[in-house]
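Undergrad:
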Amino acid sequence: MLFNSLQFCLFFAVVTTLYYALEWRWRWKMLLVASCVFYMAFIPAYIFILFSTILIDYFMGMMIAKSTGRRRLIYLQVSIVSTCLVLFVFKYFNFFGMTVRELQNLLGAAQDFPIAHIILPIGLSFHTFQSLSYVIEVYRGRQEPERNFGIYSLYVMFYPQLVAGPIERPQNLLHQFYEDHRFDLSNFAYGLTLIGWGFFQKMVIADRAAVYVNSVYNQWSIHSGLSLLVATLLFAVQIYADFAGYSCIAIGCARVMGIQLMTNFNHPYFSKSIGEFWQRWHISLSTWFRDYVYIPLGGNRVSVSRHYVNLLLTFAISGLWHGANWTFVIWGTYNGVLLVIESYFHSLGWRYPRNLIGNILRRTVVLVSICFGWIFFRADSLEAAVGIIRRIATDTSFSLSSVEFAVLPFSGDNTAFAVGLVTCLLIAIMFMLEIGAELNFRKVRGLLHYSLSYQFATTLAMFEFIMLFGVLRASAFIYFQF
Amino acid sequence: MATIVSTPTQERSSTRTGWPYLGKLAISAFGILLCLVTIKFFTEHLLAPRNMGLNGALVQRNLDLLLIGSSHTRQSYDIRLLEKTTGLSAFALAYNGDDLKTMSQIIDYLVSRPDRCPRYIVVEAYSALLGRKPDLQDPRYFFDAPPALKMRIIRTYLSEHRRPSALLDVFDLVVNRGNEAIVTYPVNSLLLKRLAYRGGPTGIKTPGVSAEQFSHFTSDATSGQPDPVQLAALYRIIDIAEHHNISVIFIESPLPKPVSSDPKIQALKADFREILEAHHLRYINGDLDFPNSDPSMFEDNNHLSAAGREKFTLDVSADLKTWIASLPKNRAAAISR
């Protein structure tokens, strides 16, 4: 069930109404049933996979808490291995198989490694990481094991964040299911405004950009360098608006019920460094990798060379998490390399000038570096990514007809210019509001927080924009495929 | 906007229910939307371009030749060259995916405006469309149509697509489509003037395809049997022509040989010819005497390239002059080629 569908609107209305109609003791049960219904709307049988991981991690959590010494580590390892095995089988088996076949081909051997026909369960990467986070926190003694199996199940499969995060920590989420959230109009209105903003980002910005990006990237070899450059920049907008929009909707749906999820995006494209970018982009995943991969490897409290290796390894694994393709691994590693380079220059004492030009320069460098990485993220293959980069770099022709051709993919007909111009205007509106929030302009913050009338007006405006300029045909969120 | 602001201020005590808030939000949202959409419905056709589409055809006075069809028509004729070689004023009224059903609606509307009705009409006889289920593929047709025609389009669409999602399609069409053109009208209208000459393409030189691409062309025909609704529309066009004394000729632009030789296309062409011959109407098969094995003549599997367009326009100009010369005062000539 996609968020941007009538089916979900009805589902959300029913669930929220029931939430407040029921006595608080029954609410978590209703939410659990609703989350099961939500998950089973995709492929019903896969609920068994989800419950098997929930069962294993629930019992391992209990066993870890009851045990001492080496046994605790063994139970933790069982949990990690079993969860990762599920992830490997459903997400990485074919990637592994294809890689082995290519190696076999290189060695002149028969390419007989089996390939399975498996559909990736929706949200697998997200809920497995959320489960692992729970077990690890119990092991570290930072979280008491959850004894109520139903509540623990709800923690893993709470429907707003089940399929694409934010990846919650047990300390933040678990206790909220025990609380009696009374109806609060400001929470309710704020939640609705967040939902409205999320749908604006998804349906008005991301889906519009996607029309152009898909048209160009899916047939990159027939497009000019200019079209490919525009498509790359639009993809940077698309992936941000798509994912941040989803997160907003998820956070808003929870907030309407008085449940607070963590912030997942914090205006990442205004970052002054790559390090800062990764503190602002997909915060729940970045902090997960920081706490459970980077720091256990030693973080930066090791030798310089080992620190760099830790960065590269962490980001390579993060890239692999995003998708079973070498393009994602390269994208992740590339971001690791950027951090290593930044860290190296920082250690040499190199700094940008502390003036306006320096500020603009450092932000531009970060933006260009990140956008370059998105080429690998979006391209279907390594060959395509290299081809796109080569064409952008070498096809520098700029004429009136090349601009006309570059505009055409917005709609494929003579409305392309109008569609392109409006798309750019809407993107500008989104970023202007984000700049306002970044610079802490009171009026922009007031759009959401200071009074119900502001929230009312904002939600109303978002609705009109979505109806008039949104792509109303439901399309999946990008991060659903992960 | 979790990314824009942090936690909200608790500015008043909680109320028991959110229904009043939701109610006000819903009424305001749908009320504003209804006002905007109503204004749009009754006025957007005034912003339609005047050098293409239905509005373009309606502003023409004393138009000699109207070419009506889909993108197949738009890409097939160089209007400037056609006017030069025939000595007639011409206009291409073409929307992407325009089928016989849509064409019959447009012709019906044009004949209700005798002051805007052309002397001769060239109807696209693209055989693949005869076999296709009717559909509204190009929302610009709805955008350009005056309110009365818009209502007719909606009624026709709903009667042909009896499923719940048809209402969503209509909602999409009425509320969501065409808003970009309205918002950017001052700038966009200037650009559109440059992009088309009397409905036909201008400026962009579309190249031909490679031999390899050409050899992989397949036809778009989904069936070798005429669709009943399209067939009824064809008879309606014939009927309009006979009752309003309009001279009509049916022309099928050239198709690439791999497409044209498709048995479904051949069957549909034969059906076209048979029906038109029975009603003594002229049908021109553009494949004859055209180098449709030459990849440079085609942009894709059903559109001519700039070179193909020029060649075909010259060929068809001669045929049109011959046809017009042979017309009796009140009836169309009756020979099919």
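Going line by line, the protein sequences match chains A and B. Quick note: the first sequence, position 384, residue 383 per numbering that gives the first Met the number 0, numbers continuous. Quick note: the second sequence, position 131, residue 130 per numbering that gives the first Met the number 0, numbers continuous. All residues carry an ideal CB built from backbone N, CA and C; glycine is no exception.
Leaving out the 5 sequence neighbours to the left and right, which residues in its chain are closer than 7 Å to B/H71 when beta-carbon positions are compared?
TA: What you label residue 71 of chain B is simply residue 72 of the second sequence in a count that begins at 1. E123, Y125, S252, N301, H302, listed in sequence order.
Undergrad: Count the other CB atoms within 10 Å of the CB of B/C34; is the residue buried (16 or more) or exposed (fewer)?
TA: For this step, residue 34 of chain B is matched to residue 35 along the second sequence. Exposed, because fewer than 16 other Cβ atoms sit within 10 Å of the Cβ of B/C34.
Undergrad: With DSSP as the reference, label B/P200 as helix, strand or coil.
TA: If you number the second sequence from 1, residue 200 of chain B lands on position 201. Here B/P200 sits in strand by DSSP.
Undergrad: For a contact meaning CB atoms closer than 7 Å, what does B/E179 contact in chain A?
TA: For the purposes of this step, residue 179 of chain B is identified with residue 180 of the second sequence, where counting begins at 1. Here the neighbours are T414, A417, V418, V421.
Undergrad: Could you give the residue range of the alpha helix (DSSP H) that holds B/N284?
TA: By one-based count along the second sequence, residue 284 of chain B stands at place 285. Segment 281–284 is the beta strand (DSSP E) holding B/N284; no alpha helix (DSSP H) there.
Undergrad: Under the criterion of a Cβ to heavy atom distance below 7 Å, does A/S66 qualify as lining the ligand SAH?
TA: By its list of ligands, the structure shown contains no ligand whatsoever, and the ligand SAH lies outside what it can speak to.
Undergrad: On the DSSP bridge assignment, give the partners of B/S246 in chain order.
TA: As a position in the second sequence, residue 246 of chain B is number 247, starting the count at 1. In the DSSP output, where bridge partners are listed per residue, B/S246 has B/Y119.
Undergrad: Tell me the DSSP secondary structure of B/I67 in three-state form.
TA: Walking along the second sequence from the start, residue 67 of chain B turns up at place 68. In the structure shown, B/I67 sits in a strand (DSSP, three-state: E or B).
Undergrad: Please go through the same chain and pick out, in chain order, the residues whose beta-carbon is closer than 8 Å to the beta-carbon of B/K204, but skip the five residues on each side of it.
TA: The residue you call residue 204 of chain B lines up with position 205 of the second sequence. Within the same chain, B/K204 has close Cβ partners A305.
Undergrad: Report yes or no: do the region 49–59 of chain B and the region 74–85 of chain B share at least 3 C-beta pairs separated by less than 8 Å?
TA: The region 49–59 of chain B vs the region 74–85 of chain B: no contact.
Undergrad: Residues in its own chain within less than 7 Å of A/Y38 by CB, not counting five upstream and five downstream?
TA: Taking the first residue of the first sequence as 1, we reach residue 38 of chain A at position 39. I46, L49, M156, L161.
Undergrad: Evaluate the contact criterion for the region 245–263 of chain A versus the region 158–177 of chain A: three or more CB pairs, one atom per stretch, below 8 Å.
TA: At 8 Å Cβ cutoff, the stretches touch.
Undergrad: Contact criterion: CB-CB distance below 8 Å. Does B/G17 meet it with respect to chain A?
TA: By one-based count along the second sequence, residue 17 of chain B stands at place 18. Yes, B/G17 counts as interfacial toward chain A.
Undergrad: If you reduce the DSSP assignment to three classes, tell me which class A/E403 lands in.
TA: For the purposes of this step, residue 403 of chain A is taken as residue 404 along the first sequence, with counting starting at 1. A/E403 falls in the helix class under three-state DSSP.
Undergrad: Which residues, taken in chain order from the region 174–204 of chain A, show a beta carbon closer than 8 Å to some beta carbon of chain B?
TA: Correct list: R181, F182, D183, L184, S185, N186, F187, A188, Y189, L191, T192, L193, W196.
Undergrad: For chain A, is any of its Cβ atoms less than 8 Å away from the one on B/R139?
TA: Reading the second sequence from its first residue, position 140 is the one you call residue 139 of chain B. Chain A, which has a Cβ nearer than 8 Å to the Cβ of B/R139, makes this yes.
Undergrad: I believe B/V208 touches B/D299 by the beta-carbon criterion, under 8 Å. Please report the beta-carbon distance rounded to the nearest angstrom.
TA: Here the question's residue 208 of chain B lines up with position 209 in the second sequence. Here the question's residue 299 of chain B lines up with position 300 in the second sequence. Between B/D299 and B/V208 the Cβ distance is about 7 Å, and since that is below 8 Å, they are a contact.
Undergrad: Could you list the residues in the region 457–470 of chain A with a C-beta less than 9 Å from some C-beta on chain B, going in chain order?
TA: Going along the region 457–470 of chain A in chain order, one finds T457, T458, L459, F462, E463, M466, L467, F468, G469, V470 with a Cβ nearer than 9 Å to chain B.
Undergrad: Here's a check: name, in chain order, each residue in its chain whose Cβ is nearer than 7 Å to the Cβ of A/V470, leaving out the five neighbours to either side.
TA: In the first sequence, residue 470 of chain A corresponds to position 471, counting from 1. Excluding residues within five positions, the ones whose Cβ falls inside 7 Å are M202, D206, R207.
Undergrad: Considering B/L35, what are the terminal residues of the alpha helix (DSSP H) in which it resides?
TA: Counted from its first residue, the second sequence places residue 35 of chain B at position 36. Here the alpha helix (DSSP H) through B/L35 covers 18–42.
Undergrad: If you count every other CB in all the chains shown that lies within 10 Å of the CB of A/E143, and 16 or more means buried, which is it?
TA: For the purposes of this step, residue 143 of chain A is taken as residue 144 along the first sequence, with counting starting at 1. Label assigned to A/E143: exposed.
Undergrad: Any idea what DSSP makes of B/A277, helix, strand or coil?
TA: Counting from one through the second sequence, the residue named residue 277 of chain B turns up at place 278. Three-state DSSP puts B/A277 in a helix.
Undergrad: Check whether the Cβ atoms of A/I273 and A/L337 sit closer than 8 Å, and answer yes or no.
TA: Here residue 273 of chain A is taken as the residue at index 274 of the first sequence, counted from 1. Here residue 337 of chain A is taken as the residue at index 338 of the first sequence, counted from 1. Yes, these two residues count as a Cβ contact at 8 Å.
Undergrad: Using a 10 Å radius around the Cβ and a threshold of 16 neighbouring Cβ atoms, would you call A/V212 buried or exposed?
TA: Your numbering for residue 212 of chain A matches position 213 in the first sequence. Buried.
Undergrad: How far does the alpha helix (DSSP H) with B/F311 in it reach, from first residue to last?
TA: Taking the second sequence and counting its residues from 1, the one referred to as residue 311 of chain B is at position 312. 305–325 is the span of the alpha helix (DSSP H), which, as asked, contains B/F311.
Undergrad: Which residues in the same chain have their Cβ closer than 6 Å to the Cβ of B/A240, if we skip the five residues on either side of it in sequence?
TA: Looking up residue 240 of chain B in the second sequence gives position 241. Same-chain partners within the cutoff: V247.
Undergrad: Compare the C-alpha of B/R73 against each of B/I245, B/F213, B/P200 and name the closest.
TA: Mapped onto the second sequence, residue 73 of chain B falls at position 74. Out of B/I245, B/F213, B/P200, B/P200 has the C-alpha closest to the C-alpha of B/R73.
Undergrad: Is there a Cβ from chain A that is less than 8 Å from the Cβ of B/S126?
TA: Translated into positions along the second sequence, residue 126 of chain B becomes position 127. False, the Cβ-Cβ gap to chain A never drops below 8 Å.
Undergrad: Is it true that the CB of A/F430 sits closer than 8 Å to the CB of A/V418?
TA: The count along the first sequence starts at 1 and reaches residue 418 of chain A at position 419. The count along the first sequence starts at 1 and reaches residue 430 of chain A at position 431. For A/V418 and A/F430, no; Cβs fall outside 8 Å.
Undergrad: When DSSP labels each residue in this structure, what does B/E159 get in the three-state scheme?
TA: Looking up residue 159 of chain B in the second sequence gives position 160. The answer is helix: DSSP assigns B/E159 an H, G or I state.
Undergrad: Using a beta-carbon distance cut-off of less than 9 Å, what residues from the region 88–117 of chain B approach chain A?
TA: Listed by position along the chain: N95.
Undergrad: Give me whichever residues DSSP pairs with B/A195 in a beta bridge.
TA: Residue 195 of chain B sits at position 196 when you count from the first residue of the second sequence. Answer is B/P200, bridged to B/A195.
Undergrad: Would you mind stating whether A/F375 and A/A384 have Cβ atoms separated by less than 8 Å?
TA: Locating residue 375 of chain A in the first sequence gives position 376, where the first residue counts as 1. Locating residue 384 of chain A in the first sequence gives position 385, where the first residue counts as 1. Cβ atoms of A/F375 and A/A384: closer than 8 Å.
Undergrad: Closer than 7 Å by C-beta to B/S222: which residues in its own chain qualify, once you throw out the five before and the five after it? Chain order, please.
TA: Within the second sequence, residue 222 of chain B is the residue found at index 223, counting from 1. Result list for B/S222: G130, K263, in chain order.
Undergrad: Any beta carbon from chain A within less than 8 Å of B/N54's own beta carbon?
TA: Counted from its first residue, the second sequence places residue 54 of chain B at position 55. B/N54 does not count as touching chain A.
Undergrad: Of all the options A/I248, A/L233, A/Y154, A/R350, which has the alpha carbon lying nearest to the alpha carbon of A/G195?
TA: Locating residue 195 of chain A in the first sequence gives position 196, counting from the first residue. Of the listed residues, the one whose Cα sits closest to A/G195 is A/I248.
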